[in-house]
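Chemist:
Chains as they are written, first to last, in this note's numbering: chain R, 779 to 1082; chain A, 165 to 493.
(1) Excluding the 5 residues preceding and the 5 following residue 873 of chain R in the sequence, name in chain order all residues of the same chain whose CB lies nearer than 7 Å to its CB.
(2) Would the region 337-345 of chain A and the region 272-292 of chain A be scored as touching if the rule is three or more Cβ pairs under 8 Å?
(3) Taking residue 434 of chain A as the reference, which of A/406, A/210, A/260 and A/191 has the closest Cα?
(4) What three-state label does DSSP hand residue 1045 of chain R in the structure shown?
(5) Taking CB distances under 7 Å as the criterion, tell me whether residue 899 of chain R reaches chain A.
(6) So, is the C-beta of residue 816 of chain R closer than 7 Å to a C-beta in chain A?
(7) Which residues does DSSP pair with residue 1022 of chain R in a beta bridge?
(8) Taking all protein chains shown into account, do 16 or more other C-beta atoms lie within 10 angstroms of the C-beta of residue 814 of chain R, making it buried, or fewer, making it exposed?
(9) Using alpha carbons as the reference points, say which of R/886, R/991 and R/1023 lies closest to residue 286 of chain A.
(10) In chain order, which continuous runs of the alpha helix (DSSP H) of length 4 or greater are located wholly inside the region 235-286 of chain A?
(11) Is residue 856 of chain R close to chain A, meaning its C-beta is less than 7 Å from at least one C-beta of that chain?
(12) Using the Cα positions of residue 1013 of chain R and residue 995 of chain R, report the straight-line distance between them to the nearest angstrom.
(13) How big is the Cα-Cα spacing for residue 817 of chain R and residue 806 of chain R?
(14) Please state the DSSP three-state secondary structure of residue 992 of chain R.
(15) For residue 1052 of chain R, tell me which candidate among R/947, R/1060 and R/1020 has the shortest Cα-Cα distance.
(16) So, with DSSP's three-state summary, where would you put residue 190 of chain A?
(17) What residues in the region 234-256 of chain A have a beta carbon less than 7 Å from any beta carbon of chain R?
(18) Residues of chain R with CB closer than 9 Å to the CB of residue 286 of chain A, please, in chain order.
(19) Check the Cβ of residue 179 of chain A against every Cβ in chain R and list those closer than 7 Å, keeping chain order.
(20) So what does residue 998 of chain R bridge to, in DSSP terms?
(21) At a Cβ threshold of 7 Å, is residue 952 of chain R touching chain A?
(22) Any beta carbon of chain R sitting closer than 7 Å to that of residue 389 of chain A?
(23) The alpha helix (DSSP H) that contains residue 825 of chain R, what's its start and end?
(24) Here's the rule I'm using: 16 or more other beta-carbon atoms within 10 Å means buried, otherwise exposed. How should residue 366 of chain A be labelled?
(25) Checking 7 Å against the spacing of the C-beta atoms, do residue 363 of chain A and residue 396 of chain A come in under that value?
(26) Can you list, in chain order, the stretches of the alpha helix (DSSP H) that have 4 or more residues and sit fully within the region 829-895 of chain R?
(27) For residue 310 of chain A, does the three-state DSSP call read helix, strand or coil?
(28) Would you mind reading off the limits of the beta strand (DSSP E) that contains residue 916 of chain R?
(29) Tell me which residues share the same chain as residue 784 of chain R and place their Cβ nearer than 6 Å to its Cβ, disregarding the 5 neighbours each side in the sequence.
(30) Using a C-beta cutoff of 7 Å, does residue 435 of chain A count as contacting chain R?
(31) Which residues does DSSP pair with residue 904 of chain R in a beta bridge?
(32) Pull up the CB-CB distance for residue 913 of chain R and residue 938 of chain R, whole angstroms please, since I reckon it's below 8 Å.
(33) Between the Cα of residue 380 of chain A and the Cα atoms of A/311, A/248, A/265 and A/428, which residue gives the shortest distance?
(34) Which same chain residues end up closer than 8 Å to residue 249 of chain A when comparing Cβ atoms and leaving out the 5 residues on each side of it in sequence?
(35) Could you spell out where the alpha helix (DSSP H) holding residue 358 of chain A opens and where it closes?
(36) For residue 802 of chain R, which residues does DSSP report across the bridge?
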């Protein structure tokens, strides 16, 4: 636990007041299941018009955080979503918030046309014509039941419904788990091309970091119930650097306190946080770390 | 503004009930339909068997499959109106009785699964992604179980009765008997109206069972049936055991009749009917008088009715709370 805290080098200001226009503001967000804290005084903020990746190892509290945001679970601490309290104002909140929690959560007995009719009936911000346009691009048939669909088709239907809802916040929890690469690519491509704009915010968790890295505008790492890194992608490139160091400069590199060090083909790859670029360039070739490498370095020792 | 919100809440409720219909129409409609169809098929088979046997062994065969044909033929031929009405009432009652039995089982298991099945297959996450209140969701399931399903059952009872009359009329025509008296007797339709009027009374009476089943459906991680059924039975056995020790306990008859029975069996249509003076021995059509308007009025005066309504409302509120806060997915 103490090692984990030491690793939490990235500062997240716990006492910052909610930024006006923040879509999500959480301060001291805590959720306990028995003795274990799934969320442990987590602080974070999400602003409008961003695509935020919430990344963390299994059991870090990702899903609990999303459940709290969606008003599916009780919690301690402060949390406001679009200015509403998810515990008390859930129905009002869900007019503005959509979520796809996991693949294949559509009821198996429902048909495509029943699902569309129902959402059109109960959701004031649903645009049926838009939904039909999305569905027309797929092979889905109006009378087809969910139980007759593949996982990929179920997600297509769910996405067509969700993208036809003019919501301000879309929450995606492992939305492409178990899908083949064609469906995965299509999923994120549709979101970017047909859905996302500056008035919308997307919060996504996934283990397939590489696939969404290029579409994210912001990144949050969560570990042991705490948000240990919250940054936008531009700042990430300025703050973190990966340096390819020859063996003879390795000691000099270590002196600069790298976050992580690994060996590839006899060269050391060092990951630095907040070390001036000029200093690093003397050690070797500097490049932007991938989110996956940063993640692995940050989460070192999580399962140990 | 207020009216707008009310109307949208109403329309949402309409959609929620429609959803229950989509999901459960197989139980609500088709189970009823096929059982009524089976009675008709047996009636037709009975007619054919009767005709064949008559041709082979003579006139004295008593055919009694499905609807009681022999009696109807006798009364229709002898123009004995009183007896004919009884036979027709018995026909209506046959459809009503079988329909009520099917209804009980369908609704019992519907309610046990209503807040459980979608948690099991995780589709609750889809329903919860829509701007719907948990109160509306739970109440839509109550309405589907104790209003929609019974109304369908009463409708099928009438349809089955009319179809049986058509079959019997054709058969009478073959025997050169005028079937018109079958159609002009008003009593069976009166009985049907009383069955219809029973629906809201049975709905009120069923509330403790409805609430009890929904609570377990919303609360448990698995096996809602076992919880719902075993808890009152084990409590009853414990109560009996406490009695054996000589410690104050609930009288067994009261416990099984007014507590366990009400929590598990109040869904049985017409189970609120008080035993008549001869005890609760149902002898078919001749006892039909107990389904009458005074009996319904009497049911609405019983304290058991309204205590049950209160208990049911509390249990349903508990089910709504569980639906809102249960989180294990």
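By construction, the Cβ of each residue, glycine as well, lies at the ideal position given by its N, Cα and C atoms.
Modeler: Per the coordinate set shown:
(1) Taking residue 873 of chain R as the centre and dropping the five residues before and after it, the same chain places the C-beta of 902 and 903 closer than 7 Å to its C-beta, in chain order.
(2) no
(3) A/260
(4) strand
(5) For residue 899 of chain R, the closest Cβ of chain A is nearer than 7 Å.
(6) The beta-carbon of residue 816 of chain R is placed no less than 7 Å from the nearest beta-carbon of chain A.
(7) R/1047 and R/1063
(8) Result: exposed.
(9) R/886
(10) 245-278 and 281-284
(11) no
(12) 10 Å
(13) Across the structure, residue 817 of chain R and residue 806 of chain R are spaced so that their CA atoms are roughly 9 Å apart.
(14) Three-state DSSP puts residue 992 of chain R in a helix.
(15) R/1020
(16) helix
(17) none
(18) Contact note: residue 286 of chain A reaches chain R through 879, 880, 882 and 883, using a C-beta cutoff of 9 Å and chain order.
(19) Going along chain R in sequence order, the residues near residue 179 of chain A (Cβ under 7 Å) are 896, 899 and 900.
(20) R/832 and R/1008
(21) no
(22) Closer than 7 Å: no.
(23) Run containing residue 825 of chain R: none in the alpha helix (DSSP H); it sits in the beta strand (DSSP E), 814-825.
(24) A buried status is given to residue 366 of chain A, since no fewer than 16 other beta-carbon atoms sit within 10 Å of its beta-carbon.
(25) no
(26) 840-847 and 868-871
(27) helix
(28) It is not in any beta strand (DSSP E) - residue 916 of chain R carries neither H nor E in the DSSP assignment.
(29) Confidence at residue 784 of chain R is low in this model, with a pLDDT of 40, below 50, so the placement of that residue should be treated as unreliable; the coordinate-derived value is given next. Taking C-beta separations shorter than 6 Å and ignoring five residues to either side along the sequence, residue 784 of chain R has no partners in its chain.
(30) It does not: the Cβ of residue 435 of chain A has no partner Cβ on chain R nearer than 7 Å.
(31) R/943
(32) 5 Å
(33) A/428
(34) 349, 351 and 352
(35) For residue 358 of chain A, the uninterrupted alpha helix (DSSP H) run begins and ends at 351-383, by DSSP.
(36) In DSSP, residue 802 of chain R forms a bridge with R/824 and R/859.
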